[in-house]
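Have a look at the structure below before the remarks.
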Amino acid sequence: MFQLENKTAIITGASRGIGKAITRQLAKSGAKVVCVSRHIEDIEKVANELRSDGFSAIAIAGDISDHESFANLVKKSIDEFNSVDILVNNAGITRDGLIMRMPEKDWDSVIETNLKGAFNGIKAVTRPMMKQRFGRIINISSVVGITGNAGQSNYSASKAGLIGLTKASAKELASRGITVNCVAPGYIETDMTSQLSDDVKNTLLKQIPLGRIGQGEEVAYLVQYLCSNEAGYITGQTFTIDGGMVMS
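Numbering (the numbering used here), first residue to last: 693 to 940.
Written out as structure tokens, the structure reads:
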């Protein structure tokens, strides 16, 4: 179940953390994966690791905030693997700061990468997915897109915007066999969380009913399911994966 043989998956922000875990899980499920990041050196390492393990993978560097750059990487993916069936908009950056002190460039850069980047990706894959009447688009949001977070107005806005973008594009694309869903992780073990002090980690754990920080692989399993044929009747939804932090 939930296998992805003969499917081509583009994953942005695939060089580390959640993106890297998603890329490996989709490859293990049989997908041909296109690893995307801004820096080719970082992403080649991931692709080389996957190829050495017997998986089909290529690395493409690109600026996802630029529509032409995203369109070109989609074209390269189709040239290499003959189709694009799955898009995981995972790439994201933070530029934290209180609103009253936040430089305009920090607001713009986060919105352009996190939100506009996903828009560019959806726009770039829509035509080929519509032509084949199949597609799976997964946008990686965050629980702070639901709850907000002090000092992260730009990041929270970008992640909330992804939820709205998911719903709108799901309605536009449903008739063509394309599903669009959103995954909103809570605190996941990444390079960023590993640098937190013990006091901060303990404070975070008190907010999580399951009492632990999540693993990237746990997010990847959910993404794998949403990419599969078995999830064909699910679209326009946002799934929190946060150990119970956000309950509605």
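Note that beta-carbon positions come from the ideal geometry of N, C-alpha and C, so glycine has one too.
Same chain, Cβ closer than 6 Å to residue i, neighbours up to 5 away in sequence not counted
i	result
G928	K859 and A862
A701	L718, A723, V725 and I778
I832	N782 and V875
N806	G784 and S850
K767	none
M822	R868
A912	A713, I714 and Q717
G936	P901 and L902
H759	N812
DSSP three-state assignment for residue i, whether helix, strand or coil
i	result
K724	strand
R868	helix
T882	coil
L790	coil
N831	strand
I714	helix
T895	helix
S845	helix
P901	coil
T927	coil
V817	helix
S837	In the sequence on display, residue 837 carries Gly and not Ser. In this structure, G837 counts as helix in the three-state DSSP scheme.
G908	helix
L957	The displayed coordinates of the chain run from 693 to 940. Any statement about residue 957 would go beyond what the structure contains.
L779	strand
Residue burial classification, residue i (beta-carbon count within 10 angstroms, cutoff 16)
i	result
R716	buried
M792	exposed
Q916	buried
V892	exposed
A866	exposed
G754	buried
S889	exposed
S721	buried
R828	buried
L742	buried
S744	exposed
S707	buried
Cut-off 8 Å between Cβ atoms - residues of its own chain near residue i, not counting five sequence neighbours on either side
i	result
I926	T871, N873 and L918
S769	T700, I702, V726, I750, I752 and V776
L897	G903, R904 and I905
D934	V835, A876, P877, G878, Y879, I900 and G906
Sequence-distant residues of its chain with Cβ nearer than 7 Å to residue i (five each side left out)
i	result
R825	R868 and G869
R787	D798, S801, V802 and N846
K808	S757
E772	I750
G705	G711, S729, N782, A783 and G784
T839	V938
Whole-Å CB distance - residue i paired with residue j, under 8 Å assumed
i	j	result
L696	V728	Wrong, their Cβ atoms sit about 17 Å apart, outside the cutoff.
G709	T882	4 Å
G837	L857	G837 to L857, Cβ: 11 Å. No contact.
F694	S834	That pair is no contact at about 24 Å.
V780	I714	6 Å
Worksheet item: On the three-pair Cβ rule with 8 Å, is the segment 898–909 touching the segment 838–855?
Response: Output reads no: the segment 838–855 does not touch the segment 898–909.
Worksheet item: Using 8 Å as the threshold, is the segment 729–745 in touch with the segment 812–822, meaning 3 or more CB pairs across them?
Response: Output reads no: the segment 812–822 does not touch the segment 729–745.
Discussion item. Count Cβ pairs between the segment 793–810 and the segment 849–856 that sit closer than 8 Å; are there 3 or more?
Written reply: Output reads yes: the segment 849–856 touches the segment 793–810.
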